[in-house]
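J.:
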């Protein structure tokens with residue numbers, strides 16, 4: 001038996017096992033040698049898209065490679081636009097987003113379709 005899937009007992013209610021969980025994540029990262037390109041245009045995945053009355057179309061995106069910068073032009077499926085605003089997961093405005101970072105972007109001309 002063996003494999004590369006680790007099991008860690010964690011409880012958010014009693015706040016136990018969090019140190020072991022963090023240590024396991026860091027070890028897994030080291031073993032996998034994860035790397036991402038940070039220079040150049042951003043590529044990412046849209047997790048959710050919605051239409052907000054005050055803000056217009058927006059998309060929650062996870063950056064896969066490159067850096068997403070405010071005011072640069074973007075293409076999401078058949079839709080396009082210019083990043084007018086980007087927010088991190090706490091809702092704070094940010095100027096740029098790097099790989100593995102979830103970000104909500106505004107400025108698309110229309111709502112992206114899922115396939």
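In UniProt numbering, the protein residues as written are 1 to 115.
Virtual Cβ for every residue (Gly too), placed ideally from N, Cα, C.
Here the structure is a predicted model, which is why all the values come from computation and not from measurement.
#1: Less than 7 Å separating the beta-carbons of residue 105 and residue 83?
#2: From residue 112 to residue 37, what does the alpha carbon distance come to, in whole angstroms?
#3: Please go through the same chain and pick out, in chain order, the residues whose beta-carbon is closer than 6 Å to the beta-carbon of residue 33, but skip the five residues on each side of it.
#4: Within the same chain, show all residues whose beta-carbon is closer than 6 Å to that of residue 40, passing over the 5 residues directly before and after it, in chain order.
#5: Under 7 Å, do residue 148 and residue 26 count as touching if we go by C-beta distance?
#6: Rounded to a whole number of angstroms, what is the C-alpha to C-alpha distance between residue 8 and residue 73?
#7: Using DSSP with H/G/I as helix, E/B as strand and the rest coil, what is residue 104?
#8: For residue 108, does the count of other Cβ atoms within 10 angstroms reach 16, so buried, or fall short, so exposed?
#9: Could you pull out every unbroken alpha helix (DSSP H) segment of at least 4 residues lying fully inside the stretch 5-69, listed in chain order?
#10: Pull up the distance between the alpha-carbon of residue 86 and that of residue 77, whole angstroms please.
T.: On the basis of the supplied data:
#1: Locating residue 105 in the chain shown gives position 105, where the first residue counts as 1. Locating residue 83 in the chain shown gives position 83, where the first residue counts as 1. Cβ distance < 7 Å, so residue 105 and residue 83 count as in contact.
#2: Within the chain shown, residue 112 is the residue found at index 112, counting from 1. Within the chain shown, residue 37 is the residue found at index 37, counting from 1. Residue 112 and residue 37: Cα-Cα distance of roughly 25 Å.
#3: In the chain shown, the residue the question calls residue 33 occupies position 33. Closer than 6 Å at Cβ, skipping near neighbours: no residue.
#4: Translated into positions along the chain shown, residue 40 becomes position 40. Only 66 meet the Cβ criterion.
#5: With the chain covering 1 to 115 only, the question about residue 148 has no answer from this structure.
#6: What you label residue 8 is simply residue 8 of the chain shown in a count that begins at 1. What you label residue 73 is simply residue 73 of the chain shown in a count that begins at 1. Near 42 Å, if we compare the C-alpha coordinates of residue 73 and residue 8.
#7: Along the chain shown, read from residue 1 onward, the residue named residue 104 stands at position 104. In this structure, residue 104 counts as strand in the three-state DSSP scheme.
#8: The residue you call residue 108 lines up with position 108 of the chain shown. Under this definition residue 108 is a buried residue.
#9: 18-32
#10: For the purposes of this step, residue 86 is taken as the residue at position 86 of the chain shown. For the purposes of this step, residue 77 is taken as the residue at position 77 of the chain shown. For residue 86 and residue 77, the distance between alpha carbons rounds to 19 Å.
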